[in-house]
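> Could you have a look at this structure, given as structure tokens, before my questions?
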Amino acid sequence: MTIIGVDWGSTSFRAYCYAEDGKVIQTIEHPSGILNIEDGGFEQTMFTHLGASVQAGDRLLLSGMITSRNGWVETPYAEVPVCAQDYLLLATRQELKGVELLFMPGICQQSPANVIRGEELQIFGVCNPDEDALVVLPGTHSKWVVVENGCISGFQTVMTGEIFDLLMKQSLIGFIADGSAHQEGAFRKGLETGVDQRPEMGTILAKIFSARSKVLLDQHEPKDVAPYLSGILIGSEISNNLAYNADRTLPMYIIGNKTLCAHYSEGFRYLGHSSFKVVDDAAEQGFARISGYL
Numbered sequence: 021m022t023i024i025g026v027d028w029g030s031t032s033f034r035a036y037c038y039a040e041d042g043k044v045i046q047t048i049e050h051p052s053g054i055l056n057i058e059d060g061g062f063e064q065t066m067f068t069h070l071g072a073s074v075q076a077g078d079r080l081l082l083s084g085m086i087t088s089r090n091g092w093v094e095t096p097y098a099e100v101p102v103c104a105q106d107y108l109l110l111a112t113r114q115e116l117k118g119v120e121l122l123f124m125p126g127i128c129q130q131s132p133a134n135v136i137r138g139e140e141l142q143i144f145g146v147c148n149p150d151e152d153a154l155v156v157l158p159g160t161h162s163k164w165v166v167v168e169n170g171c172i173s174g175f176q177t178v179m180t181g182e183i184f185d186l187l188m189k190q191s192l193i194g195f196i197a198d199g200s201a202h203q204e205g206a207f208r209k210g211l212e213t214g215v216d217q218r219p220e221m222g223t224i225l226a227k228i229f230s231a232r233s234k235v236l237l238d239q240h241e242p243k244d245v246a247p248y249l250s251g252i253l254i255g256s257e258i259s260n261n262l263a264y265n266a267d268r269t270l271p272m273y274i275i276g277n278k279t280l281c282a283h284y285s286e287g288f289r290y291l292g293h294s295s296f297k298v299v300d301d302a303a304e305q306g307f308a309r310i311s312g313y314l
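Per this note's numbering, residue 21 is the first one in the sequence shown, and the count goes up by one each step.
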């Protein structure tokens, strides 16, 4: 029997095929996220991508937006605190073509209301079973997750990436911008503005408008708008969440693509945090850990 972990999100499909010793023997990637699947053709798409890698008697673990309301099978949320073995118990099981499918649940907290679906797999992959840690997952909706004794005990979602995208595409700030290439100096100035707590700097909404004002006052060039705005949003996110999660002795992990993690790393260092580990992708380790409880 082969165990295959399928990380199927909004924009991409990735599968990991594991040998009996838990090592990955094959990785399958395809840009067909759930938003690209027409007429609910998830079953056909999955078996097409996996091809001969999946046989009757194999077991598939599916995680990500494929288990959301817009996906193939909507699964319930496990309420924090959630450990890896508890998470697996709430999986929704089906069988197709002799293959057992386990659709993983999401994770929720009731107060303040929040949900995670997909990121929890990477958290279980990066943290040891008995570890206390703070895990940050930058992205469209950044996640700040507190791990206690290897279990997810609480988290916060910050819409940093989506707000940046909306401002650049649908606001006066974006209209005055010239491109979105990263400019190190402008990004650093944005970080400084984002973390500045002086009353005269105003709230995050006031700081955002300065991305336009600085161009109109010839303090910035239009090419500086995007990196400056990114710096403001990331700086504000980091400073606010570090104030909430103030224990600097906790191990800290940043999980995500290299470019975005580099920007967050700079923000952490600017605020005096230099002890953290950057992880590109922990889904592979997450599936391996979860499958160990089967």
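Ideal placement from N, C-alpha and C gives every residue a C-beta, glycine not left out.
Is residue 157 near residue 312, with beta carbons less than 9 Å apart?
Result no, Cβ atoms of residue 157 and residue 312 do not sit closer than 9 Å.
> Where do the ends of the alpha helix (DSSP H) carrying residue 233 lie?
Unbroken alpha helix (DSSP H) run through residue 233: 224 to 236.
> So residue 140 and residue 152 are supposed to be a Cβ contact under 8 Å. How far apart are they, rounded?
About 17 Å separates the two Cβ atoms, so there is no contact after all.
> Please report the distance separating the alpha-carbon of residue 99 from that of residue 260.
In a straight line, the C-alpha of residue 99 is about 25 Å away from that of residue 260.
> Where does residue 69 fall in DSSP's three states?
Reduced to three states, the DSSP call for residue 69 is helix.
> Whose C-alpha, out of 239, 29 and 61, is nearest the C-alpha of residue 49?
It is 29 whose Cα lies nearest to the Cα of residue 49.
> Report back the beta-carbon spacing between residue 306 and residue 144 to the nearest angstrom; my notes put them in contact at under 8 Å.
Contact holds; Cβ gap of about 5 Å.
> If you reduce the DSSP assignment to three classes, tell me which class residue 297 lands in.
Residue 297 falls in the strand class under three-state DSSP.
> Rounded to the nearest angstrom, what separates residue 163 and residue 68 at their Cα positions?
The alpha-carbon atoms of residue 163 and residue 68 are separated by roughly 32 Å.
> By a C-beta neighbour count over all protein chains shown, 10 Å radius and 16 as the cutoff for buried, is residue 72 buried or exposed?
Residue 72 is exposed by the Cβ-count criterion.
> To which residues of the same chain is residue 309 closer than 7 Å at the C-beta, ignoring the five residues directly before and after it?
Within the same chain, residue 309 has close Cβ partners 104, 144 and 145.
> Measuring CB to CB, does residue 264 end up less than 9 Å from residue 296?
No, these two residues do not count as a Cβ contact at 9 Å.
> How many whole angstroms separate the CB atoms of residue 304 and residue 36, which I take to be in contact at a CB cut-off of 8 Å?
Indeed, because the Cβ distance is near 5 Å, the residues count as touching under 8 Å.
> According to DSSP, is residue 281 helix, strand or coil?
Here residue 281 sits in helix by DSSP.
> Look at the Cβ atom of residue 44, then the Cβ atom of residue 33, and state whether they are nearer than 9 Å.
Result no, Cβ atoms of residue 44 and residue 33 do not sit closer than 9 Å.
> Between the Cα of residue 134 and the Cα atoms of 114, 65, 122 and 179, which residue gives the shortest distance?
Comparing Cα-Cα distances from residue 134 to each of 114, 65, 122 and 179, the minimum goes to 179.
> What is the residue span of the alpha helix (DSSP H) that residue 113 lies within?
Per DSSP, residue 113 belongs to no alpha helix (DSSP H); it is in the beta strand (DSSP E), 112 to 116.
> Answer with buried or exposed for residue 256, where buried requires no fewer than 16 other C-beta atoms within 10 angstroms of its C-beta.
By the 10 Å Cβ count, residue 256 comes out buried.
> Taking the C-alpha atoms as reference points, what is the distance between residue 268 and residue 65?
The alpha-carbon atoms of residue 268 and residue 65 are separated by roughly 45 Å.
> Note down the Cα distance separating residue 46 from residue 24, rounded to an integer number of angstroms.
Each residue's Cα considered, the two are about 9 Å apart.
> To the nearest angstrom, how far is it from the Cα of residue 161 to the Cα of residue 119?
Near 33 Å, if we compare the C-alpha coordinates of residue 119 and residue 161.
> Apart from the five residues on each side of it in sequence, which residues of its chain come closer than 8 Å, Cβ to Cβ, to residue 232?
So the list reads 192, 193, 196 and 245, once near-sequence residues are dropped.
> Mark residue 240 as exposed unless 16 or more other C-beta atoms lie within 10 angstroms of its C-beta, in which case mark it buried.
Classification of residue 240: buried, given that the 10 Å Cβ count is 16 or more.
> Taking the Cβ atom as the reference point for each residue, do residue 121 and residue 70 lie within a distance shorter than 9 Å?
Their beta carbons are not under 9 Å apart, which means residue 121 does not touch residue 70 by this criterion.
> Would you list the one or two residues that DSSP bridges to residue 272?
Paired residue(s): 154.
> Per DSSP, residue 50 forms a beta bridge with which residues?
Note: residue 50 sits in a beta bridge opposite 33.
> Please report how far the alpha carbon of residue 270 lies from the alpha carbon of residue 250, in whole angstroms.
Cα-Cα distance, rounded: 27 Å.
> For residue 163, does the three-state DSSP call read helix, strand or coil?
It is a strand residue.
> Could you compute how far the alpha carbon of residue 200 sits from the alpha carbon of residue 286?
The straight-line gap from Cα to Cα measures roughly 18 Å.
> Looking at the secondary structure, which residues open and close the alpha helix (DSSP H) in which residue 190 lies?
Start and end: 180 to 190.
> Take residue 128 and list the residues in its own chain whose beta-carbon comes closer than 6 Å to its own, dropping the five residues that flank it on each side.
Excluding residues within five positions, the ones whose Cβ falls inside 6 Å are 97, 99 and 135.
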